[in-house]
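Using numbering that gives the first Met the number 0, the letters of the sequence shown correspond one by one to residues 0 to 400. Here a beta-carbon is modelled for each residue, glycine too, at the ideal position from N, C-alpha and C.
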Amino acid sequence: MFERFLSKETSYLRTSEIRDLLKLTEGRNVISLAGGLPDPQTFPVEEIKKIINDVLFNNSDKALQYAATPGISEFRKELVNISRMRGITGINENNTFATVGSQEALFMLFNILVDPGDNVIVEAPTYLAALNVIRTRRPNFISVPVTENGPDLEELERKVKDTTNNGKKVKLMYVIPTAQNPAGTTMNIEDRKRLLEIASKYDFLVVEDDAYGFLVFEGESPPPIKAFDKEGRVIYTSTFSKILAPGLRLGWVVAHEDLIREMELYKQNIDLHTPSLSQYIAMEAIRRGVIQNNLPKIRRIYKEKRDIMLEAIQEYFPKDSRWSKPVGGMFVFAWLPSRIDTTKMLEKALQKGVAYVPGSSFYADYSGRNTMRLNFSYPKKEELTEGIKRLGQVIKEELST
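Next up, the structure:
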């Protein structure tokens, strides 16, 4: 009925397969390996209750009031502190910006920076919600395949050089260097530095998504690319969804002051400011060490769950499959035999009582038809084994037809 009234821009919107799957599995007896939900037992509920009571008792006049668009000043100072925990130094509150989750940060950044026809580099695969935002800007995608160590930097430089030789410029690269969603890969420090050298040499920006930087449970988490940035060309985003609670809808950006000012202008036209109460809760959670003290628990739980999933995949998946072995984060990515189409296979999996996210939507060109993303953070331990067992049966039946 309303199609004739809609703007042309709406034709570029794409549904989130993850959100669709959450609706499909709701109320059904399905083990969902599809979502990206944190384990609720990682939420510091009692500490949050106390913080809320204290905030409402001591600062209700500010916590329930309108706030400055970039974020409450005291909170932005704490964003500097939590960014330093990831190795980002040489910044102050004017380099930080509070957002409604990191998703809003990505939405604003791509709308501020990307014009139709701009050359934008993405990993293949990469985070589908970011891809969907970038698609609305109608860029020219340059996809760089992901190896076991992150994006293939040889291929990256070759494609950037070819673009430059054809008289065109690359505008930016969107990259998830730590516990990549969905591929589960983590770049080493030398590759992070080299990516930055390539960006400097060919003069493009780097939008760094560090949603999982605090969730490395095997070895040390490498510093973000932003930690090595001397030119202000890296725009860093992160989130409290994985380290505190996603219901707070709170994320942040660290960037050059000039870009922060542009974000302020843009956000004024979206939602005025990020919820004040959420900012006060996170501010106190940092000050009181709630986040810092809870991280070991989160890492321990996710490592145990990852190990269970990997053991089950090893046992139940076809031997000619391959899969990532993430050192952090929430996801395992699997590549099945090439004749399998995981989108077509999904309905059969749902009938068997298990859900996953087909991998093609994580690719800018919708390739990767034989891939899937599997979440280990949310399901119970016993569900992980049973879910992979069911999925293995579905895959083997598909191969036998």
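Anticipated Cβ contact below 8 Å, residue i with residue j, distance rounded
i           : j           : result
residue 220 : residue 100 : About 21 Å; that fails the 8 Å criterion.
residue 406 : residue 82  : As displayed, the chain neither begins before 0 nor continues past 400, which places residue 406 out of reach and without an answer.
residue 302 : residue 217 : 7 Å
residue 373 : residue 32  : 5 Å
residue 280 : residue 54  : 7 Å
residue 214 : residue 297 : 6 Å
residue 130 : residue 363 : 6 Å
Which listed residue (the options) has its alpha carbon closest to that of residue i
i           : options            : result
residue 207 : 331, 109, 379      : 109
residue 333 : 384, 367, 268      : 367
residue 146 : 139, 4, 155, 288   : 155
residue 249 : 275, 271, 264, 267 : 275
residue 138 : 124, 173, 53       : 173
residue 282 : 204, 306, 381, 247 : 247
residue 92  : 278, 388, 292, 256 : 256
residue 306 : 280, 36, 381       : 381
residue 245 : 115, 278, 271      : 278
residue 11  : 61, 144, 134       : 134
residue 192 : 211, 225, 202      : 225
residue 252 : 64, 43, 75         : 75
residue 361 : 45, 44, 132, 7     : 132
residue 115 : 8, 40, 44, 50      : 8
residue 387 : 345, 315, 346, 357 : 315
residue 41  : 320, 62, 356, 292  : 292
residue 66  : 162, 320, 263      : 263
residue 365 : 122, 63, 62, 52    : 122
residue 50  : 385, 288, 345      : 288
Pair within 8 Å by beta-carbon distance, residue i and residue j
i           : j           : result
residue 393 : residue 343 : no
residue 113 : residue 170 : yes
residue 354 : residue 29  : yes
residue 339 : residue 398 : yes
residue 273 : residue 97  : yes
residue 175 : residue 235 : no
residue 152 : residue 194 : yes
residue 177 : residue 327 : yes
residue 182 : residue 222 : no
residue 323 : residue 36  : no
residue 336 : residue 369 : yes
residue 270 : residue 237 : no
residue 300 : residue 38  : yes
residue 150 : residue 159 : no
residue 318 : residue 383 : no
residue 266 : residue 371 : no
residue 187 : residue 211 : no
residue 148 : residue 202 : no
Alpha-carbon to alpha-carbon, residue j and residue i
i           : j           : result
residue 120 : residue 56  : 48 Å
residue 84  : residue 228 : 16 Å
residue 259 : residue 313 : 46 Å
residue 95  : residue 86  : 15 Å
residue 330 : residue 242 : 16 Å
residue 2   : residue 136 : 21 Å
residue 359 : residue 88  : 37 Å
residue 286 : residue 400 : 58 Å
residue 47  : residue 58  : 15 Å
residue 111 : residue 284 : 31 Å
residue 5   : residue 205 : 33 Å
residue 140 : residue 103 : 21 Å
residue 168 : residue 232 : 15 Å
residue 308 : residue 68  : 42 Å
residue 118 : residue 378 : 38 Å
residue 34  : residue 73  : 34 Å
residue 402 : residue 157 : Since the first residue of the chain shown is 0 and the last is 400, residue 402 is not available in this structure.
residue 63  : residue 52  : 13 Å
residue 356 : residue 44  : 29 Å
residue 347 : residue 261 : 47 Å
residue 268 : residue 60  : 24 Å
Any non-hydrogen atom of the ligand ADP within 7 Å of residue i CB
i           : result
residue 322 : Looking at this structure, you won't find the ligand ADP or any other ligand, since it has none at all.
Please specify which runs of the beta strand (DSSP E), each continuous and at least 3 residues long, are wholly inside the region 224-264, giving them in chain order. The region 224-264 contains these whole beta strand (DSSP E) runs: 233-238, 250-253.
Which runs of the beta strand (DSSP E), 3 residues or longer, sit entirely within the region 39-119? Within the region 39-119, the complete beta strand (DSSP E) runs of at least 3 residues are 95-98.
Mind pulling the alpha helix (DSSP H) runs of 4 or more residues that sit fully within the region 147-177? Correct list: 152-164.
Every unbroken alpha helix (DSSP H) inside the region 315-355 [4 residues or more]: Fully enclosed alpha helix (DSSP H) runs of 4 or longer: 341-350.
List, from N- to C-terminal side, the alpha helix (DSSP H) runs of 4 residues or more that fit wholly inside the region 274-322. Runs found: 275-286, 289-315.
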